[in-house]
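Asker: What follows is a single structure, and I will ask about it in a moment.
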Amino acid sequence: MAAAVAPAQAVQPAPAVDIRDLTIRFDTDSGPVTALEQVSVAIPEGGLVTMLGPSGCGKSTLLRAIADLVPPAEGTISVHGRTPEQARLERDFAFVFQDSTLLPWRTAIDNVRLPLEVGGGGKAHAEPEALLELVGLAGREQALPGELSGGMRQRVAIARALVCRPRILLMDEPFGALDEITRDKLNEELLRIWEETGTTIMFVTHSIPEAAFLGQSVLVLAAQPGRVRDLVQVELGFPRRLAMRDTLEFVQVTAHLRTLLESC
1 MAAAVAPAQA
11 VQPAPAVDIR
21 DLTIRFDTDS
31 GPVTALEQVS
41 VAIPEGGLVT
51 MLGPSGCGKS
61 TLLRAIADLV
71 PPAEGTISVH
81 GRTPEQARLE
91 RDFAFVFQDS
101 TLLPWRTAID
111 NVRLPLEVGG
121 GGKAHAEPEA
131 LLELVGLAGR
141 EQALPGELSG
151 GMRQRVAIAR
161 ALVCRPRILL
171 MDEPFGALDE
181 ITRDKLNEEL
191 LRIWEETGTT
201 IMFVTHSIPE
211 AAFLGQSVLV
221 LAAQPGRVRD
231 LVQVELGFPR
241 RLAMRDTLEF
251 VQVTAHLRTL
261 LESC
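Quick note on my numbering: the sequence shown kicks off at 1 and runs consecutively.
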C-alpha cells in the first residue's frame with residue numbers, strides 16, 4: 001500500500017507592510033514622549049485596513065513611520081520586503097490627507113499630473129484623464145479647485161495619489177472634514193476604486209461606522225502610548241453598500257469596536 005501523502009501547506013503571501021515591535025519616541029521640551037510602543041501588525045497585500053483609536057494614540061504617526069517620515073526608536077518596518085526609505089524612493093506608497101492640498105492655480109487635471117512633474121515621470125504611471133474618470137470627475141478636467149466642492153477636491157487628491165501607481169495608499173482621515181452625505185458617497189467610491197485597482201489601503205478615521213464599513217479588518221490602537229488593542233476582522237463580505245449599515249451584523253461589529261475603544 002502506498003504511503004499517505006500529507007497535504008501541502010498553503011504558502012502565505014508576504015504582507016505588503018510588516019511592522020514588528022515598533023516603538024517611536026519624540027523629544028519635547030518636557031522630555032521624551034513615547035508615541036507608539038511595541039506595535040506589531042501585518043498588512044496583507046491588496047488589503048484594506050482601517051485604524052481607530054482615541055486622539056493621541058499614534059494613528060497618524062504610524063502612517064508617517066511607514067512613509068519614512070518618522071524614524072523608529074526600536075523595532076522594524078518592512079514595506080514589500082524593503083525599508084521604508086527604499087520604498088519611498090521607489091514611490092511604493094502615496095498619501096491622502098484630510099485637506100486635499102491641491103494647488104489652487106492648477107486645474108484638476110494639472111493637479112493630478114503634478115507628481116509626474118516632480119520626479120515621477122520615469123516611473124510607469126496611470127493616465128491622469130483615466131484617473132479622473134475613475135474617481136467620477138470626467139468632464140471636470142479643466143476646473144480649478146475653487147470651482148469644485150470639498151468632496152470633488154478629495155476625489156482629485158485620490159486621483160493624484162494614484163497617478164504613479166503606488167502599491168500602498170496611506171489615507172489620514174481623508175473624509176473627516178466633509179458633510180455626512182458626501183462622506184458616505186466617498187466611502188462607497190473608495191471601495192469601488194480599491195476593488196478596481198487592487199491597491200493596499202491603510203485608512204485612519206475617528207468614525208466607528210466608517211472604519212467598519214470600509215475595512216476588511218480594523219486595527220484598534222490604545223493611547224498613551226499607542227499600542228495595539230486588537231485587530232478585528234470584519235466578516236461582512238464585498239461588495240458593500242450603505243444599506244448594510246442598517247443590518248444586525250453591522251451593528252454588532254460597530255458595538256464590538258465601541259466596546260474596545262471604551263476600554264482603551
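Just so you know, even glycine gets a beta-carbon here, dropped at the ideal spot from N, CA and C. The model shown is predicted, which means the values in this text are computed figures rather than measured ones.
Run through the DSSP bridge pairs and tell me what residue 78 is partnered with.
Answerer: 18
Asker: Please state the DSSP three-state secondary structure of residue 46.
Answerer: coil
Asker: Output the boundary residues of the beta strand (DSSP E) element that contains residue 178.
Answerer: No residue range can be given for residue 178, since it is assigned to no beta strand (DSSP E) and is classified by DSSP as neither H nor E.
Asker: Cα separation between residue 230 and residue 185?
Answerer: 28 Å
Asker: For residue 102, count neighbouring Cβ atoms within 10 angstroms of its own Cβ and tell me buried if that reaches 16, exposed if not.
Answerer: Buried, by the Cβ-count rule.
Asker: For residue 37, which of helix, strand or coil comes out of DSSP?
Answerer: DSSP places residue 37 in strand when its eight states are reduced to three.
Asker: State the DSSP-derived secondary structure class of residue 5, mapped to helix, strand or coil.
Answerer: The predicted model places residue 5 with a pLDDT of 49, which falls under 50 and marks its position as unreliable; any figure quoted below should be read in that light. It is coil, neither helix nor strand.
Asker: Which residue wins for smallest C-alpha separation from residue 180, given the options 148, 214, 207, 254?
Answerer: 207
Asker: Can you pull the DSSP bridge partners for residue 168?
Answerer: 93, 200
Asker: From what residue to what residue does the beta strand (DSSP E) around residue 222 run?
Answerer: 217-222
Asker: Just grab the DSSP bridge partners of residue 238 for me.
Answerer: Residue pairing from DSSP leaves residue 238 without any beta-bridge partner.
Asker: With three or more beta-carbon pairs closer than 8 Å as the criterion, would you say the region 139-153 touches the region 57-64?
Answerer: no
Asker: Kindly indicate which three-state DSSP category residue 61 falls into: helix, strand or coil?
Answerer: Residue 61 carries a helical assignment under DSSP once its states are collapsed to helix, strand and coil.
Asker: By alpha-carbon positions, which one of 252, 224, 242 ends up nearest to residue 232?
Answerer: Scanning 252, 224, 242 for the CA closest to the CA of residue 232 turns up 252.
Asker: Count the other CB atoms within 10 Å of the CB of residue 31; is the residue buried (16 or more) or exposed (fewer)?
Answerer: exposed
Asker: Closest to residue 77 by CA distance: which of 182, 20, 161, 246 is it?
Answerer: 20
Asker: Give every residue of the same chain whose Cβ lies closer than 8 Å to the Cβ of residue 135, excluding the five residues on either side of it in the sequence, and list them in chain order.
Answerer: 155, 156, 158, 159, 189, 193
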